[in-house]
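J.:
Numbering (our numbering), first residue to last: 13 to 457.
1. Along the chain, where does the alpha helix (DSSP H) containing residue 19 start, and where does it finish?
2. May I ask you to list the residues that DSSP assigns as paired with residue 108?
3. With residue 291 as the anchor, note down where its beta strand (DSSP E) starts and where it stops.
4. Opposite residue 187 in the DSSP bridges: which residues?
5. Look at the alpha carbon of residue 221 and the alpha carbon of residue 380, and state the distance between them as a whole number of angstroms.
6. Within the chosen definition, does the segment 189-208 reach the segment 340-350 through at least 3 CB pairs nearer than 8 Å?
7. Answer yes if the segment 123-136 comes into contact with the segment 79-99, meaning at least three C-beta pairs across the two stretches below 8 Å, and no otherwise.
8. Go through its chain and collect everything with a Cβ distance to residue 109's Cβ below 6 Å, but skip five positions before and after it.
9. Straight-line CA distance for residue 172 to residue 193?
10. Taking C-alpha atoms, which residue in 283, 333 and 267 lies nearest to residue 167?
11. Short of 7 Å in beta carbon distance, which residues of its chain neighbour residue 180, apart from the five on each side in sequence? Order them along the chain.
12. Could you tell me whether the segment 413-422 touches the segment 438-456, using the rule of 3 or more Cβ pairs below 8 Å?
13. Could you give the first and the last residue of the continuous alpha helix (DSSP H) run that contains residue 377?
14. With 16 as the cutoff for other CB atoms within 10 Å, does residue 356 come out buried or exposed?
15. To the nearest angstrom, how far is the alpha carbon of residue 458 from that of residue 331?
16. Can you name, in chain order, every residue of its own chain whose Cβ lies under 6 Å from the Cβ of residue 169, other than the five neighbours on each side?
17. Per DSSP, which one or two residues make a beta bridge with residue 390?
18. Quick check on residue 240: buried or exposed, where buried means 16 or more other Cβ atoms within 10 Å of its Cβ?
19. Tell me whether residue 59 sits in a helix, a strand or coil according to DSSP, three-state version.
20. Could you say which of 252, 228 and 257 lies nearest to residue 244 if we only look at CA atoms?
21. Answer with buried or exposed for residue 83, where buried requires no fewer than 16 other C-beta atoms within 10 angstroms of its C-beta.
22. Can you round the beta-carbon distance between residue 43 and residue 32 to whole angstroms, since I take them to be within the 8 Å contact cut?
23. Can you tell me which of the three DSSP states residue 428 falls into?
24. How should residue 40 be labelled, buried or exposed, when 16 other C-beta atoms within 10 angstroms of its C-beta is the threshold for buried?
25. Taking Cβ positions, are residue 295 and residue 276 nearer each other than 9 Å?
26. May I ask you to report which of helix, strand or coil DSSP gives residue 123?
27. Cα separation between residue 107 and residue 286?
28. Are the CB atoms of residue 351 and residue 389 within a distance shorter than 9 Å?
29. For residue 223, I'd like the list of residues in its chain whose CB is within less than 6 Å of its CB, leaving aside the five on either flank, ordered along the chain.
30. Could you have a look at residue 229 and say whether DSSP puts it in helix, strand or coil?
31. In chain order, what residues of the same chain have a beta carbon less than 8 Å from the beta carbon of residue 435, not counting five sequence neighbours either side?
32. By how many angstroms is the C-alpha of residue 59 removed from the C-alpha of residue 1?
33. Please list, in chain order, all residues of the same chain as residue 314 whose beta carbon is under 6 Å from its beta carbon, the five residues on each side excluded.
34. For residue 278, collect the residues of the same chain with a Cβ closer than 8 Å to its Cβ; drop the 5 residues on either side in sequence, then sort them by chain order.
35. Within its chain, find whatever has a CB closer than 6 Å to the CB of residue 62; leave out the 5 residues flanking it on each side and keep chain order.
36. For residue 3 and residue 197, what's the separation of their Cα atoms in angstroms?
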């Protein structure tokens, strides 16, 4: 990830007021964010309020030496890259500065272009360190293989088209759907087609953590912020900087945390637990919920302003019972190529409503595989509530057939009996449409 100059937070510390003013003017014109100080005390006060990417320290300050300032700075902020400036260069002071963790050491007078290049390289070094953190987090959150989305139903084809449209933007996305419908897979798909695809997709589930721990996970904490906080820890917003953060079950987020989340969405700023230092992160947020957030906001259980902020782009996932034709595809995927299916198994499974959706189906298939004989999936090996659903009577089947015929003919007529357009609207191939037209006796003109 390349940090643009506009994103670099720069601190310049020198006892020469004219020099700091000149440097501030120059770097502001280069689109850096710049703050200055003329004493070590002022620099430390600024550091308490802001997280900087890079700091430039003069070796000689009126109240502390530059080396001592580095020591004090490092006690609180281990991430900032520090560059030392001095009018009297020596090998001894350069070595000491490097031992304390400074990035570079320059002697005055320094050319502005040279200083700018050194600062930019230092910011890149910090970025690479963050990428390492991101990769570690990503490895811990790797999903099992074969998690790609599939579906030929019209409802899922609509979801796929929407993913293709919203993925390349940088806007927040809200994914709504019942539990088990695959909301995290939608988040993955959005991330894959986004400009951030080369960077991590970091995931957190709000329903899985108590409020205090959730705040720490999202925003980080300082050493001693609470019992057990034996060291400082960056939050997932810092870890995901430059990438995407997927916040699952956002409807379970407590109101105080909702306010903090809104602030990050509005200006990218946040504070770790136990700190007054303002930090920034450039993160694309994808949120998911199985709750009705509109109703929750009216009931005062979810911030209305946060809901409107998230609701700009919404993807609604259909439940499995409304995805006609997709159960057979999913069953084949979960079973694998080496398994055979009992005759009539798909039809029997389609009679069940699957309130737990895809997750429930996957677990049921795993159960059936464990209990199966000779690599044959049989209905009797599925959970009792699935296996005992009786077939519909002939009258009901006839009614469904009539409704299906009416639906197909309605779509066919709405598309001026254009088979290509009608097939797309129904989510089937042209060949499948021909078979349906023939099956239901619909004239093909």
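We treat Cβ as the ideally placed atom computed from N, Cα and C, and that holds for glycine.
Given the structure is predicted, the values throughout are model-derived calculations rather than measurements.
T.: The answer reads as follows:
1. Under the DSSP assignment, residue 19 falls outside any alpha helix (DSSP H); it carries neither an H nor an E label.
2. Beta-bridge partners assigned by DSSP to residue 108: none are found.
3. Segment 290-292, the beta strand (DSSP E) holding residue 291.
4. Partner(s): 300 and 327.
5. Linking residue 221 to residue 380 through their CA atoms gives a straight-line distance of about 32 Å.
6. The segment 189-208, when compared against the segment 340-350, does not touch it at the 8 Å Cβ threshold.
7. Yes, since at least three Cβ pairs between the segment 79-99 and the segment 123-136 fall closer than 8 Å, the two stretches touch.
8. Cβ neighbours of residue 109 beyond the five flanking positions: 96 and 117.
9. Taking the straight line from one Cα to the other gives about 14 Å.
10. Taking residue 167 as reference, the option from 283, 333 and 267 with the minimal CA-CA separation is 333.
11. Contacts found: 205, 206 and 207.
12. With the cut-off at 8 Å, the segment 413-422 and the segment 438-456 touch.
13. Run containing residue 377: 369-383, per the alpha helix (DSSP H) assignment.
14. Only exposed fits residue 356, as fewer than 16 other CB atoms lie within 10 angstroms of its CB.
15. The structure shown does not extend to residue 458, since the chain is modelled only from 13 through 457, so no value can be given for it.
16. Within the same chain, residue 169 has close Cβ partners 439.
17. Beta-bridge pairing links residue 390 to no other residue.
18. So residue 240 counts as exposed.
19. In this structure, DSSP gives residue 59 a helical state, which the three-state scheme calls helix.
20. Of the candidates 252, 228 and 257, the one whose C-alpha sits nearest the C-alpha of residue 244 is 228.
21. Classification of residue 83: exposed, given that the 10 Å Cβ count is below 16.
22. Under the criterion of beta carbons closer than 8 Å, residue 43 and residue 32 do not qualify as touching, at roughly 18 Å.
23. Correct three-state label for residue 428: coil.
24. Label assigned to residue 40: exposed.
25. The answer is yes: Cβ separation under 9 Å.
26. Look at residue 123 here: in three-state DSSP terms it is coil, with no helix or strand label.
27. It is roughly 34 Å from the alpha-carbon of residue 107 to the alpha-carbon of residue 286.
28. Yes, the Cβ-Cβ distance between residue 389 and residue 351 is below 9 Å.
29. Within the same chain, residue 223 has close Cβ partners 266.
30. Residue 229 falls in the helix class under three-state DSSP.
31. The beta carbon of residue 435 lies closer than 8 Å to those of 441, 442, 444 and 445 in the same chain, with the five residues before and after it left out.
32. It is not possible to answer for residue 1, since the shown part of the chain is limited to 13 through 457.
33. Contacts found: 305 and 308.
34. Leaving aside the five residues that flank residue 278 on each side, the residues in its chain whose CB is nearer than 8 Å to its CB run, in chain order, 321.
35. Apart from the 5 residues on each side of it in sequence, residue 62 sits with its Cβ closer than 6 Å to the Cβ of 290 in its chain, given in chain order.
36. Residue 3 lies beyond the residue range present for the chain, which begins at 13 and ends at 457; the question has no answer from this structure.
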